[in-house]
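Chemist:
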Amino acid sequence: MKQLVIATKNAGKVEEFRDMFSKYQISVKSLLDFDQEIDDIVEDGETFEENATIKAETIAAEFEIPVVADDSGLEIDALDGAPGIYSARYAGEDKNDQRNLEKALRELNNVPDQKRTARFVCAVAVARPGHETFTVRGTCEGTIARHPKGEGGFGYDPIFVPLHSDRTMAEHTSDEKNSISHRKHAILKIEEWLQDLS
Numbered sequence: 741m742k743q744l745v746i747a748t749k750n751a752g753k754v755e756e757f758r759d760m761f762s763k764y765q766i767s768v769k770s771l772l773d774f775d776q777e778i779d780d781i782v783e784d785g786e787t788f789e790e791n792a793t794i795k796a797e798t799i800a801a802e803f804e805i806p807v808v809a810d811d812s813g814l815e816i817d818a819l820d821g822a823p824g825i826y827s828a829r830y831a832g833e834d835k836n837d838q839r840n841l842e843k844a845l846r847e848l849n850n851v852p853d854q855k856r857t858a859r860f861v862c863a864v865a866v867a868r869p870g871h872e873t874f875t876v877r878g879t880c881e882g883t884i885a886r887h888p889k890g891e892g893g894f895g896y897d898p899i900f901v902p903l904h905s906d907r908t909m910a911e912h913t914s915d916e917k918n919s920i921s922h923r924k925h926a927i928l929k930i931e932e933w934l935q936d937l938s
């Protein structure tokens with residue numbers, strides 16, 4: 741089976757990638773699967789694409805293997821695109837999902853329903869030793885609910901309602917979520933490369 745490293749320590753992301761890559765007969769390893777301790781990578785880019793590239797190239801260079809990395813987050817139109825690339829650290833450096841979504845809801849408290857549009861964004865970078873890194877972007881459009889709902893997913897899923905749905909992402913099954921997510925749309929854009937991976 742073909743192997744690929746996903747440059748993340750986020751267990752939720754790892755499961756989503758595993759589900760999406762299974763159809764390509766690709767075995768996914770994450771940074772949680774290495775025996776050695778891997779230091780957190782400083783993501784100091786100014787875009788999702790730059791941060792994904794930093795992660796992918798750092799791990800590909802260290803282990804000399806093909807690496808896929810993503811940088812993803814939530815863009816809320818009424819907040820001028822915030823939290824954006826700071827989605828994981830929106831309420832502080834400790835990356836607390838609950839506090840992040842509570843902060844977003846507080847800032848949208850007086851925003852009417854029709855102006856609560858938002859999107860999940862996922863930039864995926866593919867880095868391979870001896871090849872130029874490339875990136876793709878996927879999005880999932882929706883709105884921000886007034887209260888968290890659902891037990892599934894992670895991050896901002898409990899307050900994000902995808903277009904054409906009346907349920908938050910956290911109320912969707914993992915299969916439903918993976919069929920419409922920003923990550924899925926990005927993965928489809930590297931499908932040809934995945935099929936050729938050897």
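Its first residue numbered 741, the sequence shown is counted upward by one per residue in the numbering used here.
For each residue, glycine too, the CB sits at the ideal point set by N, CA and C.
Counting C-beta neighbours from all protein chains within 10 Å, is the total for His-887 16 or more, i.e. buried, or is it exposed?
Modeler: Taking the sequence shown and counting its residues from 1, one reaches residue 887 at position 147. With fewer than 16 Cβ atoms within 10 Å of its Cβ, His-887 is classed as exposed.
Chemist: Using CA coordinates, which residue listed in Glu-872, His-904, Gly-882 is at the minimum distance from Tyr-896?
Modeler: Taking the first residue of the sequence shown as 1, we reach residue 896 at position 156. Of the candidates Glu-872, His-904, Gly-882, the one whose C-alpha sits nearest the C-alpha of Tyr-896 is Gly-882.
Chemist: With contact counted as at least three CB pairs below 8 Å, one residue from each stretch, are the stretch 923 to 933 and the stretch 865 to 883 in contact?
Modeler: yes
Chemist: Is the CB-CB distance between Ser-770 and Lys-749 below 9 Å?
Modeler: Residue numbering aside, residue 770 sits at position 30 when the sequence shown is read from its first letter. Residue numbering aside, residue 749 sits at position 9 when the sequence shown is read from its first letter. Yes; because the gap between Cβ atoms is below 9 Å, this pair is in contact.
Chemist: Name the DSSP bridge partner or partners of Arg-923?
Modeler: Translated into positions along the sequence shown, residue 923 becomes position 183. Answer is none; Arg-923 lacks a bridge partner.
Chemist: Report the rounded CA-to-CA distance for Leu-934 versus Pro-869, giving the unit in angstroms.
Modeler: For this step, residue 934 is matched to residue 194 along the sequence shown. For this step, residue 869 is matched to residue 129 along the sequence shown. Between Leu-934 and Pro-869, the C-alpha separation is close to 16 Å.
Chemist: Kindly indicate which three-state DSSP category Asp-811 falls into: helix, strand or coil?
Modeler: Here residue 811 refers to the residue found at position 71 of the sequence shown. Reduced to three states, the DSSP call for Asp-811 is strand.
Chemist: Let me check understanding here. Comparing Cα to Cα, which of Thr-873, Asp-759, Gly-832, Asn-840 lies closest to Pro-898?
Modeler: Position 158 of the sequence shown, counted from the start, is the residue given in the question as residue 898. Closest by alpha carbon: Asn-840.
Chemist: Distance, Cα to Cα, His-871 vs Thr-787?
Modeler: Along the sequence shown, read from residue 1 onward, the residue named residue 871 stands at position 131. Along the sequence shown, read from residue 1 onward, the residue named residue 787 stands at position 47. Their Cα atoms are separated by approximately 22 Å.
Chemist: Per DSSP, Gln-743 is paired with what?
Modeler: Stepping through the sequence shown from its first residue, residue 743 is reached at position 3. In DSSP, Gln-743 forms a bridge with Ser-767.
Chemist: Does the stretch 847 to 863 touch the stretch 815 to 822, meaning 3 or more C-beta pairs lie closer than 8 Å?
Modeler: yes
Chemist: For Asn-918, which residues from the same chain have a beta carbon less than 7 Å from its beta carbon, with the 5 sequence-adjacent residues on both sides left out?
Modeler: On the sequence shown, residue 918 is found 178 positions in, with the first residue counted as 1. Glu-756, Asp-759, Met-760, Lys-924.
Chemist: Within 8 Å: the Cβ of Asp-936 and any heavy atom of the ligand MG?
Modeler: You won't find the ligand MG in this model; it holds no ligand whatsoever.
Chemist: Examine the Cβ distances between the stretch 767 to 782 and the stretch 821 to 832 and report whether three or more of them are shorter than 8 Å.
Modeler: no
Chemist: Bridge partners for Ile-884 per DSSP, in chain order?
Modeler: Translated into positions along the sequence shown, residue 884 becomes position 144. According to DSSP, which records beta bridges pairwise, Ile-884 is partnered with Phe-900.
Chemist: Per DSSP, what kind of secondary structure is Thr-798 in: helix, strand or coil?
Modeler: For the purposes of this step, residue 798 is taken as the residue at position 58 of the sequence shown. Of the three classes helix, strand and coil, the one that applies to Thr-798 here is helix, per DSSP.
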